[in-house]
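So this is what it looks like as C-alpha cells:
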C-alpha cells in the first residue's frame, strides 16, 4: 500500500464555483419564494376560473314546495316589481298595453349579440339580468348592451338560489356582480332578479328575508308576469304564445339569452315583437314601466333609503327608478377593472394550460412507449447467447474512489472491492477530509490484506479535481470511477469493462441501485433508479446518445478522459458533462446492465432536495455548455440532433410542465367530476405501473416495492417537480451552486447484505 501526501501545506485558492457560492446561497431563498409564488399564481388562476364557472363555491340546490305564510298578501298578489321604499314593501305592475321585455342568464358570446341585433333592428329596449361571472368573462358584450340603451340588473354572480345562502354569501354575490359591471361598463345597478324565481306568488318564507334585506340595501327585485319558457325549447310558435299576456294586460316578460341553446329564442323574438306591436303594445325597460305607471298614478317612484344599493359602491345618480344605473367611481371602478383583468388572464391561461396538458400527456405517454419498446430491444440484443463485445477483457484496471468525509462508508467500499473478480488497483483520493477518512481507508486495506490500494491526500478542491488526480495517478488504460459511499458486487468491475473489447467504446455506464431501500424515501428512490434511470439508459444506449454515466459506477478509457480535458469544474454535473464530451469526441458510450453497484441514497427530504437540485441544475449547465453540438457535424452533431432534444424534452420540459396533470386532476376531482378524474388518474398510474413492473422484471427486482408507487406519485414526484422548477429559476436568474456533501450513515454494506 502506497501513500502519497502533499509535499507542503498551503492554502488553496477557491475554485470558480466556490467564489460565487456565498452569492448563490444568498439568492436561494428568493428563488424558492419565486417558485412558490408561481405555484400560488397557477392555483389562484385555476380557482378563479372554476369560480367563474360556478364550479368553486357553486350550489345547485333549488328550493321548492316551501310555505309562504310569512309573506304579506299584498306582495303575493301584487305586481312583478318589488321595492322597499321607506322600509315598506311596495309592488308595481306594468301598465296595460306595455311589455317590459327581460332576458336572464347572459351575457353569452353566441346568443346575446344576436338578441341585441334584433332589439336594435326594431328600435326597442330591454332589461338584461346578467350573471356576474359571465359579465367578467364577456365584458365587451355588456358594454355594448348598455351603450345601446338597454338596462341591466343583477342575477347573482354564480346563479345560486340565495334562499339557501348566508347573509355573507348573499352580499358577496351582489357585490362581486356590481364590481363586474363596474369593470365592464362603468356602472352599477339597483335592479335584481333572483335565479329560479318566477311570479311574486311564488315567494316563500325562505326567499322573503332575502328580498327584504336587498330591498333595505336599495335594490328593486323584479319578477315575471309572463314566462316564455323558451329554455324548454318547445318550438317557436309556443314560445310566442306563452310570452303573450292576456287581454291587453301589461307584463314583465321573461326570455333567456344564455344558459343553453337559444336558436328558438332568436327565431321567436322577431315574431313576438311584430305580434305585440300589431296588438298595440309598446316596449320599455323595467325602469320605464315603473315611471310610466307612477306617472299614470300621478306620482313618482322613489329609490331605496339611500337612493342606491347599500354596500354596492354605486356612484352618484338620481334616485328615480328610471335611472337604475349608477356611474361607478372610486374604488369600485378600479376594483372592477382589476377583476375584469384577472378574469382575462384566467380565461387566457387555462386554455393554454389545457393545450399544454395535452402536449405533456402525449409526451409522457410517448416516452413510456419508447422506453418499453427500446428497453425490450436492448434487453434482447444484449442477452442473446451469441452477443459479444469481442474477446474477453482481463487487463487490470484502476478504480478511483474520490472521498470527502466518508468515514462511515469507506471501509465498506474497500471491502466490496477486495472481493472483485477482476484484477484492479484502487486509488482512494481523499479530498481534504476532516474526519479521518484516509486513516480509516489505510487501516481497512491493511486489515483486509489489500496490497493494491493507494491513498492520495489532497487539499479540498472538489470531486472533479479528486477524480482528475486519480486519473493522472492511474497505472492502467481503463479507469473505473465510483463514489465513496458505493459498494460493488464482486463481478461488477469485470462486467463493466467487457464493452471495451470494442475499440469504439470510450465509456461504460453501470447499473446503480439503491442500497438503503427499506425506508419510504429509499423505496421511492429505488423505483426511480430502476424505472427512471436504468430504463432510460437502455433507451439512450440503443439510440447511441447516453447523456450520463452515473458517478456511482462508470468506466472510461484513460486516454479518452485526458483527451477531453478530464473532469470539468464548469458544471455541478461532472458526470453528465464528461459523458457529453465523450460523445462529441466521437467515443461510443454504452450501458452495461450486469455491472451492479449499491449506493446510499439520501435519507431525508432535505438531503434529497439538495442532491436532486444539484443534479438537475448541473444537467442544465452541461447542456448549455455543449449547446454547440446542435449545429456540429459528425459524432458531436449526432448527440446534438438526437440526445440533446431528448434530454431537454424528457428531463426538463416535460417534468416542468408535468404538474399540470396533477393540478388538473385535483381540480377536476374537487370541482368537476370526481369519478371521471379519479379514473383518468388511475389509468395514468396503471401505465406507469406497467412500465415500472417491466423495468423491475428486466433488473430482476422484487415487485413488492411497487406497492409504494401510488404514494410516490402523490408526494415524491411533486417534490421532484418543485426541485426542477427551482433549478430552472436558478438557471434563468444566473445563479451558481457549489458541490454539496450529503450526510452518510454507512448502512449500505457489502452487496450480499444490501438486500433486494
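Residue numbers (this note's numbering): 30 to 785.
Backbone N, C-alpha and C fix where the C-beta goes; we use that ideal spot for every residue, glycine too.
Going by DSSP, which residues form a beta bridge with residue 540?
625
Tell me whether residue 715 sits in a helix, a strand or coil according to DSSP, three-state version.
helix
Is the beta carbon of residue 582 less than 7 Å from the beta carbon of residue 626?
yes
Helix, strand or coil for residue 216 per DSSP?
strand
Can the beta-carbon of residue 651 be found less than 7 Å from the beta-carbon of residue 616?
no
How would you write the range of the beta strand (DSSP E) that residue 411 sits in, first residue to last?
Taken as a continuous stretch (DSSP letters only), residue 411 belongs to no beta strand (DSSP E), being part of the alpha helix (DSSP H) at 359-412.
Is the separation between the beta-carbon of residue 257 and that of residue 271 shorter than 7 Å?
yes
Between the CA atoms of residue 219 and residue 370 - distance to the nearest angstrom
24 Å
As assigned by DSSP and simplified to three states, the class of residue 479
coil
Quick one: residues in its chain with C-beta nearer than 6 Å to the C-beta of residue 641, no 5 flanking neighbours on either side, listed in chain order?
752
Around the Cβ of residue 735, are there at least 16 other Cβ atoms within 10 angstroms (buried) or fewer (exposed)?
buried
Within 7 Å, strictly: CB atoms of residue 429 and residue 456
yes
3-residue-minimum beta strand (DSSP E) runs that sit fully inside the region 545-628, ordered along the chain:
582-586, 617-628
Report buried or exposed for residue 171, applying the criterion of at least 16 other Cβ atoms within 10 angstroms of its Cβ.
buried
Once DSSP output is grouped into helix, strand and coil, what is the label at residue 199?
helix
Do residue 683 and residue 389 have their C-beta atoms closer together than 7 Å?
yes
Grab the span of the beta strand (DSSP E) containing residue 432 for me, first residue to last.
426-432
Measuring CA to CA, which of 594, 601, 239, 629 is closest to residue 613?
594
Do you know how far the Cα of residue 759 is from the Cα of residue 52?
Residue placement at residue 52 is poorly supported in this model, since its pLDDT is 46, which falls under 50; the coordinates still yield a value, given next. Cα to Cα, residue 52 sits roughly 12 Å from residue 759.
For residue 14 and residue 213, what's the separation of their Cα atoms in angstroms?
No answer is possible for residue 14: the residues shown for the chain start at 30 and end at 785.
Whose C-beta lies closer than 7 Å to the C-beta of residue 524 among residues of the same chain, with five residues either side of it excluded?
621, 623, 624
Taking the straight line between their C-alpha atoms, what separation do you get for residue 474 and residue 443?
7 Å
May I ask you to verify whether the region 735-744 touches the region 570-579, counting CB pairs closer than 8 Å and requiring at least 3?
no
Are the beta-carbon atoms belonging to residue 121 and residue 322 less than 7 Å from one another?
yes
To the nearest angstrom, how far is the alpha carbon of residue 452 from that of residue 729?
27 Å
Can you have a look at residue 93 and say buried or exposed, based on whether 16 or more other CB atoms are within 10 angstroms of its CB?
exposed
Would you identify the three-state DSSP class for residue 666, choosing helix, strand or coil?
helix
Tell me, please, which residues DSSP counts as bridged to residue 487.
460
Cβ contact check for the region 244-255 and the region 104-120: 3 or more pairs under 8 Å
yes
Here's the rule: buried if 16 or more other CB atoms are within 10 angstroms of the residue's CB, otherwise exposed. What is residue 702?
exposed
Residue 135 by DSSP, collapsed to three states: which one?
strand
Nearest candidate by alpha-carbon position, reference residue 360, set 446, 368, 530:
368
With distance defined between alpha-carbon atoms, name the residue in 656, 261, 356, 299 nearest to residue 288.
261
Cβ-based burial, residue 710 [other Cβ within 10 Å; buried from 16]:
buried
Counting pairs of beta carbons, one from the region 481-500 and one from the region 548-562, are three or more of them closer than 8 Å?
no
Just grab the DSSP bridge partners of residue 755 for me.
In DSSP, residue 755 forms no bridge with anything.
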